[in-house]
Structure formats: C-alpha cells, structure tokens
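Protein sequences appear in the order of chains G and P. Add 707 to a position in the first sequence, counting from 1, and you land on the number used in our numbering. Add 707 to a position in the second sequence, counting from 1, and you land on the number used in our numbering. Backbone N, C-alpha and C fix where the C-beta goes; we use that ideal spot for every residue, glycine too. Please read all numbers here as calculations on a predicted model, not as lab measurements. Structure record follows, encoded as structure tokens.
2 protein chains.
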Amino acid sequence: MPLFERHVFVCHNVRPAGAPRPSCTGDGTSELFARLQQAAKAAGLGAPAIRINKSLCLDQCEHGPTVVVYPEAVWYGRVRPEDAEEIVNEHLVAGRPVERLRLADECINAKACPHRG
Amino acid sequence: MPLFERHVFVCHNVRPAGAPRPSCTGDGTSELFARLQQAAKAAGLGAPAIRINKSLCLDQCEHGPTVVVYPEAVWYGRVRPEDAEEIVNEHLVAGRPVERLRLADECINAKACPHRG
Numbered sequence: 708m709p710l711f712e713r714h715v716f717v718c719h720n721v722r723p724a725g726a727p728r729p730s731c732t733g734d735g736t737s738e739l740f741a742r743l744q745q746a747a748k749a750a751g752l753g754a755p756a757i758r759i760n761k762s763l764c765l766d767q768c769e770h771g772p773t774v775v776v777y778p779e780a781v782w783y784g785r786v787r788p789e790d791a792e793e794i795v796n797e798h799l800v801a802g803r804p805v806e807r808l809r810l811a812d813e814c815i816n817a818k819a820c821p822h823r824g
Numbered sequence: 708m709p710l711f712e713r714h715v716f717v718c719h720n721v722r723p724a725g726a727p728r729p730s731c732t733g734d735g736t737s738e739l740f741a742r743l744q745q746a747a748k749a750a751g752l753g754a755p756a757i758r759i760n761k762s763l764c765l766d767q768c769e770h771g772p773t774v775v776v777y778p779e780a781v782w783y784g785r786v787r788p789e790d791a792e793e794i795v796n797e798h799l800v801a802g803r804p805v806e807r808l809r810l811a812d813e814c815i816n817a818k819a820c821p822h823r824g
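Encoded structure:
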C-alpha cells in the first residue's frame with residue numbers, strides 16, 4: 708500500500724503585516740507543525756503511513772491555524788500547538804477525529820460565516 | 708456540501724541550488740499551478756467545489772513536479788504546465804484520472820525506486 712494512509716496538511720501561509728485576511732503562521736515558523744511531527748514520531752507513525760505536510764493557503768484564514776486530514780477531509784480550525792498530541796493520538800492513531808477542534812460545516816469554504824464577514 | 712469535492716495540491720517546494728534532492732519549482736514560480744488555476748476557471752470550477760492549492764514538499768521530489776488530488780489520492784508526477792488542461796478537463800471535470808501522468812505505485816512514498824536511489 709504505497710499511498711499515505713493519512714496525509715495531514717498544516718497551513719503555513721504567511722501574509723504581510725496589515726493584510727486584510729489573517730495568516731495561519733504569522734512569523735513563518737510553525738510550532739504546531741513541529742509538534743504534530745514530534746507527536747507522530749512519538750506514536751511510531753511516519754512515512755509511508757502518515758505524512759505531516761506544510762501547505763500554503765488553505766483558504767480558511769479566519770479559522771486558522773487550519774489543518775486538514777485526507778483522505779477523510781476532516782478540517783480543524785484554531786488549532787494550537789498544544790492540540791497536536793490529541794490530534795495525533797486520537798485521530799491518526801485511534802481513528803477518532805477530535806470533535807472539539809473540527810470546523811463547523813457552515814464555516815468550511817463558505818464565502819461568509821460568523822467569522823468571515 | 709461544504710467540503711471541497713476535490714482538493715488539488717501542487718508541490719511548490721524550492722530548495723537551494725545544489726541540494727541533494729530536486730525541487731518541484733526551482734525558481735519559486737509555478738507555471739503549472741497558474742495553468743491549473745486558469746484551466747479550472749475556464750471549466751467553470753472553483754470554490755467550494757474545487758481548490759487548486761500550493762503545497763510545500765510532498766516528498767516525491769525525484770518524480771516532480773508532483774500533484775496529488777484528494778480525496779481520491781491520485782498522484783501525478785513529472786507534470787508539465789501543458790498538462791494542466793488535461794488534468795482539469797479529464798480528471799476534475801470528467802472524473803477520469805489521467806493515466807499517462809500517474810506515478811507508478813512502486814514510486815509513491817518509496818524509500819527507493821528506479822528514480823530515487
């Protein structure tokens with residue numbers, strides 16, 4: 708089975724200061740990304756089963772930092788570095804998405820929502 | 708249905724000159740990405756149905772430029788800008804992956820393959 712069982716994209720987009728939409732990582736570093744990688748390694752997960760991948764803009768900027776897990780297309784928003792272990796251990800290891808971090812359906816890819824004017 | 712029906716990640720990774728692994732976009736621009744976006748727009752595809760997304764390293768560097776389409780996890784390699792219309796019209800519109808561009812199973816996420824020593 709050569710395909711990744713799960714491919715996790717972590718938004719790493721950086722906009723200039725003062726841009727109209729926010730950035731998922733304001734300073735070009737991503738503690739969230741690093742902690743997801745560390746947690747996956749600690750759980751014994753790695754290629755080819757799982758890849759934690761930096762992505763450029765996932766277009767959910769008002770809900771960031773944003774993470775999407777494929778192939779199941781589970782979207783997480785407002786993810787903090789300290790959430791990384793829970794995402795790895797619950798979702799990637801145990802197969803149970805972390806409900807408290809999931810973006811509401813009406814917020815994903817919506818032109819307007821309570822957070823995106 | 709708020710989720711993207713298809714989420715297309717185009718590797719946009721740039722390594723320094725002389726790096727041991729190649730880059731999918733050597734100069735930080737990506738005509739492939741631009742042409743995929745143009746072709747999708749011409750075909751009437753856009754959010755929320757489809758997103759053409761820049762990604763950082765997809766770790767298939769020896770087969771790049773690399774594109775992966777989720778949720779079906781179809782991987783394309785050595786994609787040229789002039790392949791963009793075919794990917795959009797055949798795969799994204801008609802639902803038929805472009806077989807001639809697909810990476811061989813034994814090359815995807817392999818530690819070694821005929822192209823990755």
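Per-residue DSSP class, three states only, for residue i
i, result
"residue 758 of chain G", "strand"
"residue 768 of chain P", "helix"
"residue 809 of chain G", "strand"
"residue 708 of chain P", "Because residue 708 of chain P carries a pLDDT of 39, less than 50, the predicted location of this residue cannot be relied on, and no value is offered for it."
"residue 742 of chain G", "helix"
"residue 714 of chain P", "strand"
"residue 781 of chain P", "strand"
"residue 786 of chain P", "coil"
"residue 800 of chain G", "helix"
"residue 795 of chain P", "helix"
Residues that residue i contacts on chain P, provided the C-beta gap is smaller than 7 Å
i, result
"residue 798 of chain G", "By Cβ distance, chain P contributes nothing, its closest Cβ being about 16 Å from residue 798 of chain G, past 7 Å."
"residue 790 of chain G", "Here the premise fails: no neighbours, minimum Cβ distance about 21 Å."
Option nearest residue i by Cα separation, candidates the options
i, options, result
"residue 731 of chain G", "G/812, G/796 and G/762", "G/762"
"residue 667 of chain P", "P/716, P/712 and P/711", "Outside the shown range of chain P, which is 708 to 824, sits residue 667 of chain P, and nothing can be said about it."
"residue 752 of chain G", "G/767, G/798, G/785 and G/734", "G/798"
"residue 764 of chain G", "G/750, G/722, G/738 and G/823", "G/722"
"residue 822 of chain G", "G/778, G/758, G/781 and G/728", "G/728"
"residue 714 of chain P", "P/785, P/754, P/735 and P/720", "P/754"
"residue 812 of chain P", "P/800, P/788 and P/767", "P/767"
"residue 819 of chain P", "P/770, P/796, P/806 and P/787", "P/770"
"residue 808 of chain G", "G/750, G/719 and G/776", "G/776"
"residue 814 of chain G", "G/782, G/757 and G/749", "G/782"
"residue 805 of chain G", "G/816, G/792 and G/739", "G/792"
"residue 789 of chain G", "G/737, G/756 and G/724", "G/737"
"residue 772 of chain G", "G/784, G/778 and G/779", "G/784"
"residue 720 of chain G", "G/757, G/740 and G/803", "G/740"
Neighbouring residues, chain G, relative to residue i (Cβ below 8 Å)
i, result
"residue 777 of chain P", "714, 777, 778 and 780"
"residue 763 of chain P", "719, 760, 761, 762 and 763"
Partners in chain P for residue i, counting only beta-carbon separations shorter than 8 Å
i, result
"residue 822 of chain G", "Within 8 Å Cβ-Cβ: nothing; residue 822 of chain G doesn't reach chain P, min ~14 Å."
Per-residue contacts from residue i into chain P (C-beta, under 9 Å)
i, result
"residue 808 of chain G", "Simply none; closest approach about 16 Å."
"residue 755 of chain G", "815, 816, 817 and 818"
Under 7 Å by beta carbon: chain G residues contacting residue i
i, result
"residue 734 of chain P", "Neighbours of residue 734 of chain P on chain G: none; closest Cβ ~16 Å, over 7 Å."
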